[in-house]
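Have a look at the structure below, then the notes.
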Amino acid sequence: LEIVVDDAQLEEASKAIIGAAKTGKIGDGKVFILPIEEAIRIRTDETGAEAV
Numbered sequence: 165l166e167i168v169v170d171d172a173q174l175e176e177a178s179k180a181i182i183g184a185a186k187t188g189k190i191g192d193g194k195v196f197i198l199p200i201e202e203a204i205r206i207r208t209d210e211t212g213a214e215a216v
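Adding 164 to a residue's 1-based position in the sequence shown gives its number in my numbering.
If you want it as structure tokens, here you go:
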């Protein structure tokens, strides 16, 4: 699963993913949170938040 969210939605999104995936058993997985330097919508050449 890969998603991109605005910083304002980061905590809510990560809590939702963890809440849905957590079983407390081996194999639940991991969540990695990384910065996105830039987003570009190829079809329209939009950049930044408009591209997401």
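Think of the CB as a built atom: it goes at the ideal place given N, C-alpha and C, for glycine as much as any other residue.
G188 has its alpha-carbon roughly 20 Å from the corresponding atom of E175. Taking 7 Å as the cut-off, the Cβ atoms of A177 and V169 count as close. Between R205 and A215, the gap from beta carbon to beta carbon is short of 7 Å.
The bridge partners DSSP lists for T211 are I204. In the three-state reduction of the DSSP assignment, G183 falls in the helix class, which pools H, G and I.
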